[in-house]
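Residue numbers (the numbering used here): 137 to 243.
Set out below in C-alpha cells:
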C-alpha cells in the first residue's frame with residue numbers, strides 16, 4: 137500500500153494550511169518541521185491531517201536528499217478499514233505533537 141518516494145532538498149512533503157496528500161515515514165535523509173527542528177528517521181507525519189480531514193498545521197520540508205514511504209490519502213481509508221488496531225495507534229500518535237530534534241544553524 138505504501139510507495140517509496142525520493143524528495144530533493146527544499147521539497148515540501150506537507151504544507152501548513154493544506155490537507156496532507158498521504159501518511160509519510162522518513163526512511164533516509166533529513167526533513168525539518170516549520171523551522172522547529174528536524175524529524176528523526178522513522179518519524180511519521182501526515183496522520184493528523186488524514187484522520188481529522190483538516191489542513192496540516194505545520195510544513196515539513198526535506199533539507200537533504202531523502203527517501204520516504206508514502207501511503208496516499210486515497211489508500212488511507214482502505215488501510216484504516218483493514219487494520220483497526222493500526223488506526224487506533226495512529227489516532228494516539230496524531231494527538232501528540234511531532235517530536236523534533238533542534239537544529240543548530242550556528243555551525
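We put the CB at the ideal spot given by N, CA and C, even for glycine.
Sorting 149, 172, 137 by C-alpha distance to the C-alpha of residue 201 places 149 at the top. Contact between residue 209 and residue 156 holds: their C-beta atoms lie close to 7 Å from each other, under 8 Å. A Cβ-Cβ separation of about 5 Å places residue 196 in contact with residue 181 under the 8 Å criterion. Taking every protein chain shown into account, the CB of residue 167 has 16 or more other CB atoms within 10 angstroms, so this residue is buried. DSSP places residue 175 in the coil class of the three-state scheme, outside both helix and strand. Our two residues, residue 236 and residue 178, have alpha carbons roughly 12 Å apart in a direct line. Of the other Cβ atoms in all chains shown, 16 or more fall within 10 Å of the Cβ of residue 184; this residue is therefore buried. Using a 10 angstroms sphere on the CB of residue 160, the tally of other CB atoms reaches 16 or more, which defines it as buried. Spatial neighbours of residue 230 in its own chain (CB-CB distance under 8 Å, excluding positions within 5 residues in sequence) are listed in chain order as 183, 184, 187, 188. Linking residue 218 to residue 205 through their CA atoms gives a straight-line distance of about 19 Å.
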